[in-house]
Amino acid sequence: MEVVPQLNRRKACDLCFTKKIKCDMMKPVCSNCRIYKSECRTTAIRRRAGVSRKPAVSLDPSDASHPGLGGATAAPDNTLSVHVPTATASSGPQLDPGLESRLARIEQQLQQVLSVASSAVNRANELEARTAGHHAPWPNPMPADPGKNTLSSVFDDNDGDGGGGGDHVSPEALNNHDHVVRTPIPKLPPLEELQPIVDSYFAYFNHAIPIFSQPEFARLLAGWYSAPSRRSRAAWAAINIVLALSSSIPLVPRQQVYYDDDPKTVYYMSNAQSVLAELVTRDEDLLGLQVLLGLVFLLQGSKDPRSASVLIGAAVRLTHRLRLQSRDNIEENYTAEEGLHRCRVFWIAYLLDKEISIRHHTPSVQVDADIDLDLPSRHPPDGVSDIYTADGRVRVNYLRLRVQLAHIQGRTYDLLYSTRSTRISPQERQSRVVRLATQLEKWRRSIPAEMQLGSVDRHLDRFALIHMATLLWSYHASLATIHGVWSHNAHWMKRISNYSQTVIRDSEIDGRKCCYHQHPPLPAAWKRLLGASRECLALANKMPQSDCNVWANTCSLFSAMIIIMSNMYEFPDSDPLANDRDLVQYALGIFHKIKDISELVPLKKLHVVVVELDRASSAAVEMSERKRVSVIWGIRRPRACYHPLTPISWLSIRLAATMVRLAAIGRMFP
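The UniProt record's numbering applies: residue 1 is where the sequence shown begins, and numbers increase by one.
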């Protein structure tokens, strides 16, 4: 008698069941799946009904307890070493033909599984023995099998696409290995296609931000293609993150850029995010943390960066479980090379935590008092994070500069924007502003003159310029944050309408009104802010738009645009007026594009403020030009007692104003 399988359905979804957390069973996606960005599904579990105590077939009464049948029915389905004896005419009573055929079929299937598993293990051992001891130096790929076109076709998973001729190893056949992938995952490109992308990542991105160790990743990549039976989800996610980070920086610059997210980058990001639930708790190595940090970098450069603030919290907590902030743990348990790389990974998590904290006005996770590590060295032995000028004469360590700036950003939040700082006196607040501004200026002066805002584009090559521009734009955003550009008492804030002021207040994060207590910039600070804003927008205007990473640097570019427009409104007769208007128009063009694409409601609301401030500054400049023309031509504004028909009409004044404008920008006179 055939046992009918019963269909039972769990109430919790797969993610909540795996992580053993309570599922609220919301439809179509529960809350936990929405947080972890996972597909919310509930797998139907098929369980066999309890085996009946009565015999399944009618046997001879004299031999009711048949040992062969009892062993076959008592053995579990997933046991690989099942032996089912076949009854013969001379051994006793005959079994039912239907049951006998089923037992024979089960035995045949089990033998096939055993043969497949044995051949796969033998092949993996043979390949590991063949490749052991002579790994090719990075970045040369491993040699391919002469009988195959690509290396990936040799180790094809045989999932029905017609590629490869190897046997497929089912997860059930190898369920004694916890690290083996249980469910199918999307295949990676062939190694010869993937290798140039990986080389580009280590040459242009990882050299400045060393998330991965190049030798360790080379071994991971070689192991992925040489030992498919030992592939893990963490390794698959790490490879996808490297591909995503590499594709985020195009090898060929593009001037006209569509500001939506790159499809290839989004695809690789989605692959890594699909196993996020397993990565946040992976503390046996650095792979989980490295994938999280790569995702944070990518999300900061996307059109919706809000998820980055959640992931960086998980990443910092993972560094604590790995004890990366402890000098004793690193010195006692790891070699010098491994310890150096772990320190760098920790500092990357640190700088992202502090940068996101000041950008979103939220508390950081890492406490500075709990760190027992030295800063990244000015002269690292392997030269990682060193950036040189084009002539090779000037060098700085990029990671050290970013960590030092992140420390100032963290102190800025603690001293000026935290909940505790709202209760300090105005005098104490101003003293803190001066102290932070002094620290930030000291940090800026530590950068060589060739790499400052006004000259960096003339002394660095393209990829070094991308990283240094990001660092300098982050400096400008910190400068604006310290001096209270967004203070409710700022002069430009009082010039806009009540509606725009309400929009800015409503756009503040968590409704905490963190800018309400800030003081407006002092005259000396405003002059420094104005100069830095002009240099920021000028640098962005000179670089290709594909290299500006507009989404990640929106805070700096937007603040610079507001500062210049406010200065045009307050001082419409300033000297570099024509240059300021060109910079503002460039920034406005970018802001209009990202407003249409962004899903952030506060950004769309701030567009109203920008349009109003631009209209007010343009009107102030136009009125100032009219006054200047009147002075040049000796014309005074007519009084009320004058006759309306004056010798020179106001139409002539407008014409003269136009001529002066043309002369100012060099279109009339050489």
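Yeah, the Cβ is synthetic: ideal placement off N, Cα and C, and Gly gets one too. Bear in mind that the values here come from a model prediction, so they are computed numbers and not experimental data.
{"Query": "For A44, the three-state DSSP class (helix, strand or coil)", "Result": "strand"}
{"Query": "Neighbourhood of R344 by C-beta distance below 6 Å, restricted to the same chain and skipping five residues each side", "Result": "P210"}
{"Query": "Residues near C13 in its chain [Cβ-Cβ closer than 7 Å; skip 5 each side]", "Result": "C23, C30, C33, C40, R41, T42"}
{"Query": "Burial state of A218, where buried means 16 or more other Cβ atoms lie within 10 Å", "Result": "buried"}
{"Query": "Best match in T481, A480, Y398 for proximity to I447 [C-alpha to C-alpha]", "Result": "Y398"}
{"Query": "Neighbour-count burial assignment, R359, 16 or more Cβ in a 10 Å radius", "Result": "buried"}
{"Query": "Spatial distance of D457 from D547 (CA atoms)", "Result": "12 Å"}
{"Query": "Straight-line Cα distance separating A406 from W443", "Result": "11 Å"}
{"Query": "Close Cβ partners of A235 (< 8 Å) along its chain, the five nearest in sequence each way excluded", "Result": "L220, G223, W224, L287"}
{"Query": "Residues of its chain near H134, where Cβ-Cβ distance is below 7 Å and the 5 sequence neighbours each way are ignored", "Result": "Confidence at H134 is low in this model, with a pLDDT of 36, below 50, so the placement of that residue should be treated as unreliable; the coordinate-derived value is given next. Answer for H134: no residue qualifies."}
{"Query": "Cβ distance (whole Å) where S556 is taken to contact A464 below 8 Å", "Result": "With a Cβ gap of about 19 Å, S556 and A464 do not count as contacting."}
{"Query": "Beta strand (DSSP E) runs contained entirely in the segment 424 to 465, provided each spans 3 or more residues", "Result": "none"}
{"Query": "Reference G589; option with closest CA among V601, H607, P572, D573", "Result": "H607"}
{"Query": "Neighbourhood of V316 by C-beta distance below 6 Å, restricted to the same chain and skipping five residues each side", "Result": "A349, D353, V365, Q366"}
{"Query": "Validate contact between the segment 233 to 252 and the segment 192 to 201 using beta carbons, cut 8 Å, 3 pairs", "Result": "yes"}
{"Query": "D386 (DSSP reduced to helix, strand or coil)", "Result": "strand"}
{"Query": "Counted within 10 angstroms of its Cβ, other Cβ atoms place H379 as buried (16 or more) or exposed", "Result": "exposed"}
{"Query": "Contacts around Q273, its chain only, beta-carbon distance under 6 Å, and the 5 residues preceding and following it disregarded", "Result": "K37"}
{"Query": "P15 versus H592: straight-line alpha-carbon distance, rounded", "Result": "Contrary to the premise, residue 15 reads as Leu rather than Pro in this sequence. Rounded to the nearest angstrom, the two C-alpha atoms are 40 Å apart."}
{"Query": "Assigned exposure category for N333 - 16 Cβ within 10 Å defines buried", "Result": "exposed"}
{"Query": "Under 7 Å between C-beta atoms of A619 and G301", "Result": "no"}
{"Query": "Of the residues R395, S357, R393, L322, the one placed nearest G410, counting alpha carbons only", "Result": "S357"}
{"Query": "Counted within 10 angstroms of its Cβ, other Cβ atoms place S309 as buried (16 or more) or exposed", "Result": "buried"}
{"Query": "CB of L537 within 7 Å of CB of A560, strictly", "Result": "yes"}
{"Query": "Per DSSP, cross-strand counterpart(s) of V396", "Result": "I387"}
{"Query": "Between the CA atoms of A587 and T335 - distance to the nearest angstrom", "Result": "49 Å"}
{"Query": "DSSP three-state assignment for F17, whether helix, strand or coil", "Result": "helix"}
{"Query": "Under the three-state DSSP convention, the category H379 falls into", "Result": "coil"}
{"Query": "Cβ neighbour criterion (16 or more within 10 Å) applied to R639", "Result": "Below a pLDDT of 50, predicted positions are generally treated as unreliable, and R639, at 44, falls in that range; the measurement from the model is reported next regardless. By the neighbour-count rule (16 or more Cβ atoms within 10 Å), R639 is not buried but exposed."}
{"Query": "Closest residue to I387 among S624, F346, S229, R402 (Cα-Cα distance)", "Result": "R402"}
{"Query": "Local Cβ density within 10 Å of A525, reported as buried at 16 or more and exposed below that", "Result": "buried"}
{"Query": "Option nearest K20 by Cα separation, candidates E441, A277, P263, T362", "Result": "A277"}
{"Query": "Collapsed DSSP secondary structure at G589 in the structure displayed", "Result": "helix"}
{"Query": "Check whether E535 and L453 have beta carbons under 7 Å apart", "Result": "yes"}
{"Query": "Proximity to G294 [Cα-Cα], best of L194, F212, T412, E355", "Result": "F212"}
{"Query": "Distance, R323 Cα to G339 Cα", "Result": "12 Å"}
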